[in-house]
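Trainee: One structure coming up, written as structure tokens, with questions to follow.
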Amino acid sequence: MPGLPWTKLHVVLAALILLPSHLSGQQADSAPKAQPAESLVADTGIKAARREVLAEAHVVRWYEVAIGLGGVGALMALDEPLQRHSQSHRTDTKDDIASIFTHEGEAPYYAGISLGVLGVGLVSGNAEIRRAGMRMVASLAVSFTAAEGLKFVTGRARPDSGLGAFHFDPFSGSESFPSGHVTAAFAIATSLSDDIKKPLVSVLLYTAATGTAFARINDDRHWLSDTAMGAELGIFSAKVVNGHWRIFGIRPPGFLVTPTGAKIEWHSSF
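In terms of the numbering used here, the sequence shown is residues 256 to 525.
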């Protein structure tokens with residue numbers, strides 16, 4: 256599909272242009288309006304698609320979680336050697352490349368994309384785009400909460416602190432583990448990949464997210480294992496929110512967005 260690498264930029268620009276005028280022109284409804292027949296048909300199709308996704312969802316097993324966490328633990332043995340190598344071979348060119356990918360994990364980027372997609376969905380009245388935007392917002396919220404919680408509990412020192420890769424001081428305010436930038440980058444990449452469903456686009460999205468991991472290591476802000484944990488958190492959060500993965504009976508959230516507000520419902524079954 257031509258032009259796909261620029262899809263994210265188009266979405267953000269469209270949201271910035273269209274969303275403010277759409278919101279400023281809204282008035283609170285004094286009485287509920289009848290839902291058009293076309294909208295009912297579309298909602299029925301979306302519900303059917305959601306049931307199909309749930310039926311095909313991969314149930315995450317405990318040993319898969321153990322393998323993922325074990326892999327991160329194993330990478331810790333490479334943290335200091337890789338940090339010494341990356342800093343001793345650091346160049347202006349690498350810094351320039353890192354400066355590009357670092358932005359992918361920063362708030363203006365991931366908030367602009369997720370809220371931009373949501374805004375386009377609201378403006379166009381397209382329920383699928385609107386729900387895609389809500390899924391991205393929810394994925395970012397879940398992954399951000401998990402990442403910040405881990406940072407607070409582990410209190411791992413950053414590489415540039417000089418304290419070493421195995422300096423952990425829980426609740427100290429040190430916040431190296433995991434990388435928040437990488438978590439956000441992979442959450443966005445996974446959400447977009449699952450919705451667009453194009454192999455080439457998926458490769459580009461995950462390559463860009465991996466570039467964020469490179470940038471954080473190059474800039475001496477994170478260890479290798481920090482970025483690996485961030486990638487796992489971002490992917491896991493997005494997959495659960497999208498309904499492609501299930502764990503502990505948690506179902507993907509349901510979204511309701513109207514001109515007067517928004518609601519997220521989340522259920523689990525045991």
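In this text, a Cβ means the ideal position worked out from N, Cα and C, and glycines have one as well. If you're wondering where the values come from, they're calculated on a predicted model, not measured in any experiment.
1) Between which two residues does the alpha helix (DSSP H) holding S394 run?
2) Exposed or buried, what is A321 when buried is set at 16 or more other beta-carbons lying within 10 Å of its beta-carbon?
3) Report the option in T465, L330 and L324 whose CA atom is closest to the CA atom of I443.
4) Compare the C-alpha of D450 against each of S398, A440, V314 and R386 and name the closest.
5) So R501 packs on V314, CB below 8 angstroms; how close in whole Å?
6) Starting from the C-beta of S227, find all residues in its chain whose C-beta is less than 6 angstroms away, skip the five residues before and the five after it, and write them out in chain order.
7) Within its chain, find whatever has a CB closer than 8 angstroms to the CB of F426; leave out the 5 residues flanking it on each side and keep chain order.
8) Taking buried to mean at least 16 other C-beta atoms within 10 Å of its own C-beta, is Y365 buried or exposed?
9) Between the beta-carbon of S448 and the beta-carbon of L460, is there less than 7 angstroms?
10) The alpha helix (DSSP H) that contains F432, what's its start and end?
11) I need the boundaries of the alpha helix (DSSP H) containing H422, first residue and last residue.
12) What three-state label does DSSP hand W500 in the structure shown?
13) Taking the beta carbon of T348 as the centre, do at least 16 other beta carbons fall within 10 Å, making it buried, or is it exposed?
14) In its own chain, which residues sit with a C-beta less than 6 angstroms from the C-beta of D424, not counting the 5 before and 5 after it?
15) Starting from the N-terminal side, write out each stretch of the beta strand (DSSP E) that is 3 residues or longer and does not extend beyond the region 336-385.
16) With distances taken Cα to Cα, identify the nearest neighbour of E359 among V495, T462 and G498.
17) To which residues of the same chain is D474 closer than 6 angstroms at the C-beta, ignoring the five residues directly before and after it?
18) Assign F356 to one of two classes, buried (16 or more other C-beta atoms within 10 Å of its C-beta) or exposed (fewer than that).
19) Which term fits V296, buried or exposed, when burial requires 16 or more other beta carbons within 10 angstroms of its beta carbon?
20) Pick helix, strand or coil for V320, following the three-state DSSP scheme.
21) Are M389 and S446 closer than 7 angstroms when you measure CB to CB?
22) Using alpha carbons as the reference points, say which of E319, F399, V397 and G419 lies closest to D334.
23) Kindly list the residues whose CB is nearer than 6 angstroms to the CB of F441, restricted to its own chain and excluding five residues on each side of it in sequence; keep chain order.
24) Please classify H344 as buried or exposed, where buried requires at least 16 other C-beta atoms within 10 Å of its C-beta.
Mentor: Looking at the coordinates:
1) Stepping through the sequence shown from its first residue, residue 394 is reached at position 139. Membership of S394 in the alpha helix (DSSP H) is indicated by the continuous run A382 to T409.
2) Locating residue 321 in the sequence shown gives position 66, counting from the first residue. Exposed, by the Cβ-count rule.
3) Within the sequence shown, the letter at position 188 stands for residue 443. The closest CA to that of I443, considering only T465, L330 and L324, is found on T465.
4) By 1-based counting over the sequence shown, the position of residue 450 is 195. In this structure, R386 is the residue among S398, A440, V314 and R386 with its C-alpha nearest to the C-alpha of D450.
5) Along the sequence shown, one-based indexing puts residue 501 at 246. Along the sequence shown, one-based indexing puts residue 314 at 59. Contact between R501 and V314 is confirmed by a C-beta separation of about 5 angstroms, below the 8 angstroms threshold.
6) Missing from the structure shown is residue 227; the chain here goes from 256 to 525 and no further.
7) As a first step, residue 426 must be located in the sequence shown, where it is residue number 171. Apart from the 5 residues on each side of it in sequence, F426 sits with its Cβ closer than 8 angstroms to the Cβ of F407, V408 and G410 in its chain, given in chain order.
8) For this step, residue 365 is matched to residue 110 along the sequence shown. Buried, by the Cβ-count rule.
9) Numbered from its first residue, the sequence shown carries residue 448 at position 193. Numbered from its first residue, the sequence shown carries residue 460 at position 205. Less than 7 angstroms divides the Cβ of S448 from the Cβ of L460.
10) The count along the sequence shown starts at 1 and reaches residue 432 at position 177. Bounds of any alpha helix (DSSP H) do not take in F432, whose DSSP letter is neither H nor E.
11) Residue 422 sits at position 167 when you count from the first residue of the sequence shown. Careful: H422 lies outside any alpha helix (DSSP H) and carries neither H nor E.
12) As a position in the sequence shown, residue 500 is number 245, starting the count at 1. W500 carries a strand assignment under DSSP once its states are collapsed to helix, strand and coil.
13) Here residue 348 is taken as the residue at index 93 of the sequence shown, counted from 1. With fewer than 16 neighbouring CB atoms inside 10 Å of its own CB, T348 falls in the exposed class.
14) Reading the sequence shown from its first residue, position 169 is the one you call residue 424. Same-chain partners within the cutoff: G410.
15) Under the rule that a run must span 3 or more residues, no beta strand (DSSP E) segment is found entirely inside the region 336-385.
16) In the sequence shown, counting from the first residue as 1, residue 359 sits at position 104. Of the candidates V495, T462 and G498, T462 places its Cα closest to the Cα of E359.
17) Along the sequence shown, one-based indexing puts residue 474 at 219. A distance below 6 angstroms between beta-carbons, with the five flanking residues on each side excluded, links D474 to the following residues of its chain, in chain order: A353.
18) One-based indexing of the sequence shown puts residue 356 at position 101. By the neighbour-count criterion, in which 16 or more other beta carbons inside 10 Å mark a residue as buried, F356 falls on the buried side.
19) By one-based count along the sequence shown, residue 296 stands at place 41. Here V296 scores only 47 on pLDDT, less than 50, and its place in the model is too uncertain to base an answer on.
20) Taking the sequence shown and counting its residues from 1, one reaches residue 320 at position 65. If DSSP states are grouped into helix, strand and coil, V320 belongs with the helices.
21) Within the sequence shown, residue 389 is the residue found at index 134, counting from 1. Within the sequence shown, residue 446 is the residue found at index 191, counting from 1. Taking C-beta atoms as the reference points, M389 and S446 fail to come closer than 7 angstroms.
22) Taking the first residue of the sequence shown as 1, we reach residue 334 at position 79. Nearest to D334 by alpha-carbon distance, out of E319, F399, V397 and G419, is G419.
23) Walking along the sequence shown from the start, residue 441 turns up at place 186. Apart from sequence neighbours up to five positions away, the residues of its chain that approach F441 with a beta-carbon distance below 6 angstroms are A464, A486, G489 and I490, ordered along the chain.
24) By 1-based counting over the sequence shown, the position of residue 344 is 89. Of the residues assessed, H344 falls on the exposed side of the cut-off, its CB having fewer than 16 other CB atoms within 10 angstroms.
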